[in-house]
Every structure is written in C-alpha cells, then in structure tokens.
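K.L.:
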Amino acid sequence: MLCETNKELAAFVTKARAYAKDGKVADYIPALGKADPNDLSIAIQYPNGHCVSAGDVKKKFTLQSTSKVISLALAIMDWGAETVFEYVGMEPTGDPFNSIAKLESNVPAKPLNPMINAGALVVTHMIKGRSMEQKFERLLEFVRELANDQSINYCQEVADSEYRTADLNRALCYFLKQHNRMNENVEQLISLYSKQCAIEMNCLQLAQMGTVFAMDGINPVTSKQVIPKDVARICKTFMVTCGMYNASGEFAIKIGIPAKSGVAGSIMGAVPGRFGIGIFGPALDEKGNSIAGLKLLELLSNHYKLSMF
Ligand code: GLU
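When we follow my numbering, the leftmost residue of the sequence shown carries the number 769, and every step to the right adds one.
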C-alpha cells in the first residue's frame, strides 16, 4: 500500500507546494481568480475504505474540465459508444483545450476528442433529458452517486461567472451547430455546461470518484457497477491520452497514471485496480494543469512506482 499515514503523505505535499509560486490561478473565468495559489491538498482513496489525505482536504473547488470524464461516461451510458463517437473523435490534440483551429481544418468538422471544450460541449449536449434542467439533474445525481455524497451541488457564482464570459465556447458551439454536430440552443447549452463545470466538491469526494474508475466502474462503497466496465475503460483511456491537456504525452511518460485536470486546479487520478486520487492546487502552469499537483503526482509516482507503463 502506498502512503500508510497522513504524515507520510504530508511530507510529499510540503515538497510539492514549493512549486505553486511558479504558477498562476486561472482568472479568465473571473470567479476562479479568488483562489489561494498556495493551496495544495490530496486524498488517496482505497477500495477497502481506507483513505489517506494531506493539506486542507475539506476545501471546495469546482470541477471544471475534470467533469468532462463524468459527462462522457453518462453520454456513453445513454447512447452507446458507437453513437457518441459519430459526433466526437478519439484522437489527442496538440492544441490548447479551447482551441477552434482543428475544427476548421478537419473535414468533416468533428471535435478531435471529448476532453477538449469543443468535444465536451458536444458530449454535454448528448446527455439525455427532456429539458436542460433534467439533463443537469441527471449529471449531478450521477456525480453524487460516484462520490457517495448526496450533498454535492454546483457553485452558482462560478457558473454565472463562466456563463458571462464564455464567448469562445459559444463560438465553438455555433461552429459545431453550423456543421450539424449539435442542434441545441447555444445559450441554453452554455448555461448547462457552465453549471456542469461549476459542480463543487473537495479532494476526498474527488478521490472517491477516481476510485470508481480505478475499479473498472464498481463503486466500492456500494459494490454496485455504477459505470459499465467498458465505459470506464474508454474514460480511463481518454484520461491517459488527453486528460492533461496538451501535456498528456509528457504526463504519461513522467507519471503514467490515468488522470484528468481542470482549470480550477483539480486532478482526478485512477490507478488501475488500486486506488483513486483527488488533488486540488489552484496555481496552474502555462498549459492549465495544477503546477504543484503535477509535481506531487510525479513525486508519488516515482517514489511508489505507480506508472502503469
Ligand atoms: N469551464 C472551463 C472552460 O470551458 C473548463 C476548462 C478547463 O477546466 O479546462 O473554459
């Protein structure tokens, strides 16, 4: 077992926290700019219920792009993989998460993968529901089931802040709509997507979700198969190939853990068959990944030989 005690884990956190000063909190969504760049916390959740944690693990953050793995799982469970991948591709991209460039140069226009914004917007629009409210309720319920916590909700302030400033995402939607990749009212979809990204939790809850992916879709708390094994496999594969933005290749080589990050500073990791990881460190590197969070994972992966490769 890796890190038996909180004290052991805290020593890694102290080392990694020193890197936070080289990063910057995201402020293109203004409400995210309020985060404390020195925060760094981690929880490691084992399927047998044992949890090791360090840092201010009760501190809440919004999922942002980490939610893209969850919406993908739900959309595939709703429609089947074949249908979902008619609308979104499976290939990594060397471009930033919100880039429009490849949409224009790829014929036919199809987002390269579900982890970039264009792909995630298509995926979110595919979540089943008679109304936007129902789609969001289903997604939120699913998150609560994965994290074993019915109290999880979204942060209205962050959702409103993103909605007001999401013009680049609107542009992606209009482009995709013109090319028949979606048929949704763009304002409504941006509102739904902003709420999805604003779903709020702490490291302990994020690690619980990571454990479900690590255990092939089984929630160890309830022993229920909450995600079909094959869907969990697809999600984990995307976490490896596209989960850390356009730094995914380097991350696979240096760290080698399926993981997904978000611009509020979260990283959800899933070490196959072993445990889930939840990290929060809001100071980001230039690619949008938590700078101290990455360092922390690198230290742990090297020390405990966690790479799956
Ligand atoms: N809500 C953010 C956006 O769409 C998510 C980005 C991210 O975490 O990568 O810009």
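By construction, the Cβ of each residue, glycine as well, lies at the ideal position given by its N, Cα and C atoms.
Computed from a prediction, not measured in an experiment: that's the story for all the values here.
1) When DSSP builds the beta bridges, which residues end up paired with residue 987?
2) To the nearest angstrom, report how far apart residue 794 and residue 846 are at their CA atoms.
3) Does the Cβ of residue 965 lie closer than 7 angstroms to at least one heavy atom of ligand 1?
4) Put residue 859 into one of helix, strand or coil per three-state DSSP.
5) Counting only the same chain and skipping the five closest in sequence on each side, list residues whose C-beta sits under 7 angstroms from that of residue 895.
6) Helix, strand or coil for residue 814, going by three-state DSSP, please let me know.
7) Contact check, residue 1051 vs residue 792 under 8 angstroms by CB: the rounded distance?
8) Tell me the residue span of the alpha helix (DSSP H) that contains residue 1061.
9) Suppose you measure from the CA of residue 788 to the CA of residue 778; what does that come to, to the nearest Å?
10) Between the stretch 943 to 961 and the stretch 861 to 878, do at least 3 Cβ pairs fall closer than 8 angstroms?
11) Per DSSP, what are the beta-bridge partners of residue 968 in this structure?
12) Hey, is residue 1152 close to ligand 1, as in C-beta under 7 angstroms from one of its heavy atoms?
13) Any chance the CB of residue 833 is under 7 angstroms from a heavy atom of ligand 1?
14) What do you reckon, are the CB atoms on residue 1046 and residue 978 nearer than 8 angstroms?
15) Beta-carbon separation of residue 927 and residue 899 under 8 angstroms?
16) Whether or not the stretch 1020 to 1027 and the stretch 854 to 861 are in contact is what I'm after, with contact meaning three or more pairs of Cβ atoms, one per stretch, closer than 8 angstroms; do they touch?
17) Can you list the alpha helix (DSSP H) stretches of 4 or more residues lying completely in the stretch 879 to 956, in chain order?
18) Helix, strand or coil, according to DSSP, for residue 797 in the structure here?
19) Going by CA-CA distance only, name the one from 991, 917 and 1017 that's closest to residue 815.
20) When the distance is taken between beta carbons, is residue 831 closer than 8 angstroms to residue 969?
21) Using only alpha-carbon positions, find the residue among 1036, 1062 and 1075 that is nearest to residue 780.
22) Assuming the contact rule is C-beta atoms closer than 8 angstroms, residue 813 and residue 981 should be a hit. Round their C-beta distance to whole Å, please.
23) Any idea if residue 786 is buried or exposed, counting beta-carbon neighbours within 10 angstroms, 16 or more meaning buried?
24) If I follow the unbroken beta strand (DSSP E) through residue 844, where does it start and stop?
25) Within this structure, are the beta carbons of residue 1010 and residue 821 separated by less than 8 angstroms?
26) From residue 1035 to residue 967, what distance separates their C-alpha atoms?
27) Roughly how many angstroms lie between the CA atoms of residue 853 and residue 837, to the nearest whole one?
P.N.:
Result, derived from the coordinates:
1) Taking the first residue of the sequence shown as 1, we reach residue 987 at position 219. In the DSSP output, where bridge partners are listed per residue, residue 987 has 992.
2) For the purposes of this step, residue 794 is taken as residue 26 along the sequence shown, with counting starting at 1. For the purposes of this step, residue 846 is taken as residue 78 along the sequence shown, with counting starting at 1. Residue 794 and residue 846: Cα-Cα distance of roughly 33 angstroms.
3) The residue given as residue 965 occupies position 197 in the sequence shown. Yes; taking the cut-off as 7 angstroms, the Cβ of residue 965 has a heavy atom of ligand 1 nearer than that.
4) If you number the sequence shown from 1, residue 859 lands on position 91. Note: residue 859 maps to coil in three-state DSSP.
5) Position 127 of the sequence shown, counted from the start, is the residue given in the question as residue 895. If we look at residue 895 and ignore the five residues flanking it on each side, its Cβ neighbours are 839, 842, 843, 846, 903, 906 and 907.
6) Indexing the sequence shown from 1 puts residue 814 at position 46. If DSSP states are grouped into helix, strand and coil, residue 814 belongs with coil.
7) For the purposes of this step, residue 1051 is taken as residue 283 along the sequence shown, with counting starting at 1. For the purposes of this step, residue 792 is taken as residue 24 along the sequence shown, with counting starting at 1. Correct: roughly 6 angstroms between the Cβ atoms.
8) On the sequence shown, position 293 is the one that residue 1061 refers to. Segment 1059 to 1072, the alpha helix (DSSP H) holding residue 1061.
9) In the sequence shown, the residue the question calls residue 788 occupies position 20. In the sequence shown, the residue the question calls residue 778 occupies position 10. Looking at the two C-alpha atoms, the distance is approximately 15 angstroms.
10) yes
11) On the sequence shown, position 200 is the one that residue 968 refers to. Paired residues: 830 and 921.
12) Look at the range of the chain in this structure, 769 to 1077, and you will see that residue 1152 is not part of it.
13) Looking up residue 833 in the sequence shown gives position 65. Checking every heavy atom of ligand 1 against the Cβ of residue 833, one is found closer than 7 angstroms.
14) Translated into positions along the sequence shown, residue 1046 becomes position 278. Translated into positions along the sequence shown, residue 978 becomes position 210. Yes, the pair counts as a contact, with Cβ atoms nearer than the cut-off.
15) Here residue 927 corresponds to residue number 159 of the sequence shown, with the count starting at 1. Here residue 899 corresponds to residue number 131 of the sequence shown, with the count starting at 1. In this structure, residue 899 does not lie closer than 8 angstroms to residue 927 by Cβ.
16) no
17) 885 to 894, 900 to 915, 924 to 933 and 935 to 946
18) If you number the sequence shown from 1, residue 797 lands on position 29. Note: residue 797 maps to coil in three-state DSSP.
19) Locating residue 815 in the sequence shown gives position 47, counting from the first residue. If we check each option's Cα against that of residue 815, 991 comes out closest.
20) For this step, residue 969 is matched to residue 201 along the sequence shown. For this step, residue 831 is matched to residue 63 along the sequence shown. Going by C-beta atoms, residue 969 is nearer than 8 angstroms to residue 831.
21) Residue mapping note: residue 780 aligns to position 12 of the sequence shown, counting from 1. When each option's Cα is compared against that of residue 780, the closest is 1062.
22) Residue 813 sits at position 45 when you count from the first residue of the sequence shown. Residue 981 sits at position 213 when you count from the first residue of the sequence shown. That belief does not hold up - the Cβ atoms of residue 813 and residue 981 are roughly 11 angstroms apart, past 8 angstroms.
23) Here residue 786 refers to the residue found at position 18 of the sequence shown. By the neighbour-count rule (16 or more Cβ atoms within 10 Å), residue 786 is not buried but exposed.
24) Along the sequence shown, read from residue 1 onward, the residue named residue 844 stands at position 76. Element bounds for residue 844: not the beta strand (DSSP E) but the alpha helix (DSSP H), 835 to 847.
25) For this step, residue 1010 is matched to residue 242 along the sequence shown. For this step, residue 821 is matched to residue 53 along the sequence shown. The answer is no: Cβ separation not under 8 angstroms.
26) Position 267 of the sequence shown holds residue 1035. Position 199 of the sequence shown holds residue 967. Spanning the two alpha carbons is a distance of roughly 14 angstroms.
27) As a first step, residue 853 is located in the sequence shown; it is residue number 85 there, counting from the start. As a first step, residue 837 is located in the sequence shown; it is residue number 69 there, counting from the start. Going by the C-alpha atoms only, they are around 14 angstroms apart.
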